[in-house]
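K.L.:
Take a look at the following structure, please.
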Amino acid sequence: MALLEVEDLGVTFRGDREVRAVDGVSFTVDAGEVTGLVGESGCGKSVTSLALIGLLPKQNTRRVRVDGRALFDGLDLLRADTRTLRDIRGREIAMIFQDPLSSLNPVVPIGVQVAEVLVRHRGVSKAEAQRRAAQLLDRVGIPDPNRRLKEYPHQLSGGMRQRALIAMAVACRPRLLIADEPTTALDVTIQAQILELLKELVREDGTAMIMITHDLGVVAGLCDRVNVLYAGRVVESAARRPLFAEPVHPYTIGLLNSIPRLDAGQGARLTPIRGSVRDVLPWSQGCAFAPRCDRAVEECLAGPPEITGDPHSFRCVNPGVGVDLEEVR
Amino acid sequence: MLRYIVRRLLQLIPTLLGLSVILFIWLHRLPGGPETAILGERGTDETRAKLRHDLGLDEPLWIQYFRFMRRMITGNLGTSISTHRPVVTEFAERFPGTVELTVSALIIAIGLGIPLGYLAARRRGSIVDHGSVAGSLLGICVPIFVLAYLVKEVFAVKLGWFPAAGRQDVTIDATRVTNFYVLDGMLTGEWDAAADALKHLVLPAFTLATIPLAIIIRMTRASVLEVLGEDYVRTAEAKGLTERVVRRRHVLRNALLPIVTTIGLLTGGLLSGAVLTETVYSFTGIGQFIAESIDRRDYPVLMGFIMFVAVIYVTVNLLVDISYGLIDPRVRVR
Amino acid sequence: MTDLTPMLPAPEPRPAEPDSQTPTASLAGLTPKARRQRLDRLAELAAVHAEEKGRSLWAEAFRRLRRNPAAVAGTVVLLLFVLVALIGPLFVPYDPTSTAWADQVKEGQNIIPGPSAQHWFGLDHNGRDEFSRVIVGARQTLLVGVVATALGLIVGCLLGGLAGSAYGLGGRAGRRIDNVVMRVIDMLLAMPSLLLAVSIAALLGPSLTTVMIAIGVISVPVFARLLRGSMLAQANSEYVTAATALGVRRWRIALVHVLPNSLGPVLVQATLTLATAIIEAAALSFLGLGNPDPAVPEWGVMLTDALTRLEVAPRLTIYPAVGIIITAFGFTLLGEALREALDPKLRR
Chain A
2 MALLEVEDLG
12 VTFRGDREVR
22 AVDGVSFTVD
32 AGEVTGLVGE
42 SGCGKSVTSL
52 ALIGLLPKQN
62 TRRVRVDGRA
72 LFDGLDLLRA
82 DTRTLRDIRG
92 REIAMIFQDP
102 LSSLNPVVPI
112 GVQVAEVLVR
122 HRGVSKAEAQ
132 RRAAQLLDRV
142 GIPDPNRRLK
152 EYPHQLSGGM
162 RQRALIAMAV
172 ACRPRLLIAD
182 EPTTALDVTI
192 QAQILELLKE
202 LVREDGTAMI
212 MITHDLGVVA
222 GLCDRVNVLY
232 AGRVVESAAR
242 RPLFAEPVHP
252 YTIGLLNSIP
262 RLDAGQGARL
272 TPIRGSVRDV
282 LPWSQGCAFA
292 PRCDRAVEEC
302 LAGPPEITGD
312 PHSFRCVNPG
322 VGVDLEEVR
Chain B
72 MLRYIVRRLL
82 QLIPTLLGLS
92 VILFIWLHRL
102 PGGPETAILG
112 ERGTDETRAK
122 LRHDLGLDEP
132 LWIQYFRFMR
142 RMITGNLGTS
152 ISTHRPVVTE
162 FAERFPGTVE
172 LTVSALIIAI
182 GLGIPLGYLA
192 ARRRGSIVDH
202 GSVAGSLLGI
212 CVPIFVLAYL
222 VKEVFAVKLG
232 WFPAAGRQDV
242 TIDATRVTNF
252 YVLDGMLTGE
262 WDAAADALKH
272 LVLPAFTLAT
282 IPLAIIIRMT
292 RASVLEVLGE
302 DYVRTAEAKG
312 LTERVVRRRH
322 VLRNALLPIV
332 TTIGLLTGGL
342 LSGAVLTETV
352 YSFTGIGQFI
362 AESIDRRDYP
372 VLMGFIMFVA
382 VIYVTVNLLV
392 DISYGLIDPR
402 VRVR
Chain C
25 MTDLTPMLPA
35 PEPRPAEPDS
45 QTPTASLAGL
55 TPKARRQRLD
65 RLAELAAVHA
75 EEKGRSLWAE
85 AFRRLRRNPA
95 AVAGTVVLLL
105 FVLVALIGPL
115 FVPYDPTSTA
125 WADQVKEGQN
135 IIPGPSAQHW
145 FGLDHNGRDE
155 FSRVIVGARQ
165 TLLVGVVATA
175 LGLIVGCLLG
185 GLAGSAYGLG
195 GRAGRRIDNV
205 VMRVIDMLLA
215 MPSLLLAVSI
225 AALLGPSLTT
235 VMIAIGVISV
245 PVFARLLRGS
255 MLAQANSEYV
265 TAATALGVRR
275 WRIALVHVLP
285 NSLGPVLVQA
295 TLTLATAIIE
305 AAALSFLGLG
315 NPDPAVPEWG
325 VMLTDALTRL
335 EVAPRLTIYP
345 AVGIIITAFG
355 FTLLGEALRE
365 ALDPKLRR
């Protein structure tokens, strides 16, 4: 049975004009499974994750409307009251954020920041929490944890800070971990270490994970299932292997083609996707990706394309099915 | 931490030296020069000349400056023209009253200002928010002496809830220990005296608190709004922490830095306000004495007060810096 | 393709960066003079970028101001006040200094005639027409506020601008200049504003000019600190780095790029200072340092005279007090709205 079932999730920001940041996103996360949400910045992946745990700025006010359903173990997260959500956050669903420096409180020692989760959700004494916090720091690979407990975020290196954030997230052995671009702000060498650590932790604890990233390399190394988002909608969804072997949606193909490949030989040119995320069409008028798409045809502008196919589903009227990557250009 | 404090102290020396030079020049530039400042308008030409010689005013300027500095450092601030008593004695007698008043005002301003500012930020756009912002903007626009008169008129004269003037009822024969009347009453067990002194404090303290309160509300609101948008608050929320922990440990502790700075900067304004408030309420503190001295052009008193205020300012800012170090570990390292 | 309306909010416009690639690449083979000209041309291009950005910032600010009810209210109050102050005295019913009705006032019996058809605001304690005095007093109040603020603004900006440009662009020597200037500023800040004003008044003797100078001086350190801080922030921004990399001369960067972009906070502060200047002026009058000439009506002096007669004729307090409060409130509202409109962080 699915641990998390997101159905038709929509997020609308109302300012001077309405902006539909997330539009009918559906996906499931099974227990112990790693699901990827992939897309460029602004595609709605972070908004999706924040909406799930009720942490969008001004969520549940007139300025932000969230619709759809998100069943976590049978409970609809989008309709749960604040108290229930506070109990779930950090215990059942934990989150790891992108920028480890700004995500840590600069004026509180690391030890307290790790221990407070345990005090809150496990009801242990402060002393006991500190002891367990040291074990956690050790578990996420921070050397000399007892000394680090008393240190402040600015005294730690970038990789170490991210490890500390991970320690807080896994402190209560949550059933679902949401990692929002956890490696983007880190050096390349550290990125690999952190990914390896996450992989190990979820395997040991049997934790399910939603990995939010723009980096297909991360997806390839980690995710069981991948959802590609564009302009607030899922455009392609498949298990890892079929997605990489037989990408269907021109946007996915484009993303794959923008990655440098070792086997492509010297002098082979990268093919970036034309234009930028700003060149989008409202979904109501057709495919949002059409303005940047090489395979765009008249039908693309006929109306919103439906998502089709199972288990490999995609949202495209002129898909590049089974096309060899090298020829898609 | 100790090294940090010592370093901050050393950094204050040039500021104090510079201020003393300005004061020295100011004293010399006064109409009639220092001899008038000391003798007032009364002196004859003969006594003036004698005083000039006695004061060493015919000697080179730098020697005069050193003399001046030696007097300042030994705490000799001269004699008041109007009361003919040493300025230091006058200050020592009146200072406790002013401290009682300003500290109470500050307690009121902080105690009401931080919660109100926090609430306004948390409920941004609500009635609480608009109300406190508009109220605080209006608060800084009312001249404090007008407010003092109005408050006195309404709550003391018309309603008679609180006494209109003084620090304590003259019929109470209280024992003086520290000259802090409230404290004295508590020390000697004369609870009536303490309660009466406290009653006398209410109106002036609330009046004096208006502007600091307005400033603290707005500063807290701005600072909390800024912190609420920080990633680490989102992290704290994502950990499912209770609202109380998020507020205390994550929001307020970070928002406190600019607020503490603001409170440090309020000192000058509070002392200016005390001069006006004490005058209206005939509250026998330094402020009232200064207002009288301004009227009488009692320059030794005024000059002494400026030096005195500089010392207070330096002390307060040192305290602010120390609390900075206590709140923010990053400052300690730097 | 049909209408491609962007669906997502546009990202924040990036700071204008001069397109440096082609021109710098071709600079190598030029004579020093030609090179200088080329660089100046580049600097101009960069300046145009900065100005465009600036203009849209101000236009955007103005757009937001118009929609802010507080700003509109503040502006209306101020326009009214300025109008009254400027042309009001031409239309007052009586000479504000005339004591023609002194026989109607009997202070010993606590009689000061109140409003009537003849005297809309009644008489003051010397038997002068209060309405005329309030109107003419507005002009004095405006004068004090504007002159004091202008003084503080000019001196403060000179000092702050000197320190800011010296620190931001001047290397070690610049840092030293900045240090000295800011120490002086800190000393001024150390004094309670009222005491500073009193010290100045003691030197100059009580008069309206004294009040203006005293209040101007106490706002100097505020303007200086503000401009310096804002300039330092600008000096660290990317477009200054870009201009420096292009070899644009330092004073030119300071003058053409940094200064105009740092003026926003200063403008806000000037508006707010107008409010405090009016209040401080009243306080100085209250302490007996204001205009000693009772003939020229000024709200602060009128207020001080009236407060001692609060029991007898509260209205004499109310007119000038309300005048001061409303005017100060108008300036404060406008200043705060301006601050919000100019703050990029508060957008949306």
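Protein chains in written order, with my numbering: chain A, 2 to 330; chain B, 72 to 405; chain C, 25 to 372. Just so you know, even glycine gets a beta-carbon here, dropped at the ideal spot from N, CA and C. These numbers come from a predicted model, not from an experiment.
#1: By how many angstroms is the C-alpha of L202/A removed from the C-alpha of E34/A?
#2: Using a Cβ-Cβ distance under 8 Å, would E164/B count as near chain C?
#3: Please state whether DSSP places R371/C in a helix, a strand or coil.
#4: Along the stretch 352 to 366 of chain C, what residues have a CB closer than 8 Å to any CB found in chain B?
#5: Could you tell me which chain B residues have their CB closer than 9 Å to the CB of L53/A, listed as they occur along the chain?
#6: What are the residues that DSSP puts in a beta bridge with P157/B?
#7: At 4 residues or longer, and completely inside the stretch 66 to 116 of chain A: list those alpha helix (DSSP H) runs for me, N to C.
#8: Would you mind working out which of S394/B, M374/B, V77/B sits nearest L327/B, comparing C-alpha positions?
#9: I'd like the list of long-range same chain contacts for Q131/A, defined as Cβ closer than 7 Å, with 5 residues on each side in sequence excluded.
#10: Counting along the chain, where does the alpha helix (DSSP H) carrying N285/C start and finish?
#11: Should D153/C be flagged as near chain B, meaning a C-beta pair shorter than 8 Å?
#12: Taking 8 Å as the limit between beta carbons, can you name the residues of its chain near A221/A, skipping five residues before and five after?
#13: Rounded to whole angstroms, what's the CA-CA distance from G253/C to G347/C? Just pull it up for me.
#14: Any beta-carbon of chain C closer than 8 Å to the one on V120/B?
#15: Going straight from the alpha carbon of V179/C to that of A187/C, what length do you get?
#16: So, does the stretch 291 to 310 of chain C touch the stretch 162 to 172 of chain C, judging by three or more C-beta pairs under 8 Å?
#17: Out of curiosity, what's the CA-to-CA distance linking L119/A and L312/B?
#18: Within 8 Å of any Cβ in chain B, is that where the Cβ of D127/C sits?
#19: Just the Cα atoms here: how many angstroms apart are C173/A and G233/A?
#20: Do L284/B and E171/B have their C-beta atoms within less than 8 Å of each other?
#21: Is A272/A helix, strand or coil by DSSP?
#22: In terms of residues, what are the limits of the beta strand (DSSP E) holding I213/A?
#23: Where DSSP assigns a beta bridge to D153/C, which residues make up the other side?
#24: Does E182/A pass the burial test, meaning 16 or more other C-beta atoms within 10 Å, or should it be called exposed?
#25: Would you give the residue range spanned by the beta strand (DSSP E) that S238/A belongs to?
#26: Here's the rule I'm using: 16 or more other beta-carbon atoms within 10 Å means buried, otherwise exposed. How should N258/A be labelled?
#27: Runs of 4 residues minimum, wholly inside the stretch 211 to 261 of chain C: which ones carry the alpha helix (DSSP H) assignment?
#28: Report the neighbours of Y303/B on chain A: residues whose CB is nearer than 7 Å to its CB, in chain order.
#29: List the residues of chain C whose Cβ lies closer than 8 Å to the Cβ of D240/B, in chain order.
#30: Check this for me: beta carbons of A227/B and L274/B, under 8 Å apart or not?
#31: Jot down the residue ranges of each uninterrupted beta strand (DSSP E) in the stretch 325 to 405 of chain B, minimum 3 residues, whole runs only, in chain order.
#32: Who are Y231/A's beta bridge partners in DSSP?
#33: Between A176/B and A280/B, is the Cβ-Cβ spacing less than 8 Å?
#34: Does the count of Cβ pairs from the stretch 255 to 263 of chain C and the stretch 330 to 340 of chain C closer than 8 Å reach three?
#35: Using beta carbons (cut-off 8 Å, strictly below), is M326/C in contact with chain B?
#36: If you run the structure through DSSP and keep just helix, strand and coil, what is D188/A?
P.N.:
The structure says:
#1: 12 Å
#2: no
#3: Residue confidence is low: R371/C scores 47 on pLDDT, short of 50, so the model does not pin down where it sits. Its coordinate-derived value is still stated next. It is coil, neither helix nor strand.
#4: A352, F353, T356, L357, E360
#5: What L53/A touches in chain B: nothing, since even the nearest Cβ is about 11 Å away.
#6: T150/B
#7: 83 to 89, 101 to 104
#8: S394/B
#9: G112, A116, L150
#10: 283 to 310
#11: no
#12: R241, F245
#13: 34 Å
#14: Looking at the sequence itself, residue 120/B is Ala, so the reference to Val does not match. Chain C, which has no Cβ nearer than 8 Å to the Cβ of A120/B, makes this no.
#15: 12 Å
#16: yes
#17: 10 Å
#18: no
#19: 32 Å
#20: no
#21: According to the sequence shown, residue 272/A is Thr rather than Ala. Three-state DSSP puts T272/A in coil, outside helix and strand.
#22: 209 to 214
#23: L147/C
#24: buried
#25: 234 to 240
#26: buried
#27: 217 to 228, 232 to 259
#28: S103, S104, L105, N106
#29: Here the premise fails: no neighbours, minimum Cβ distance about 22 Å.
#30: yes
#31: none
#32: R234/A
#33: yes
#34: no
#35: no
#36: coil
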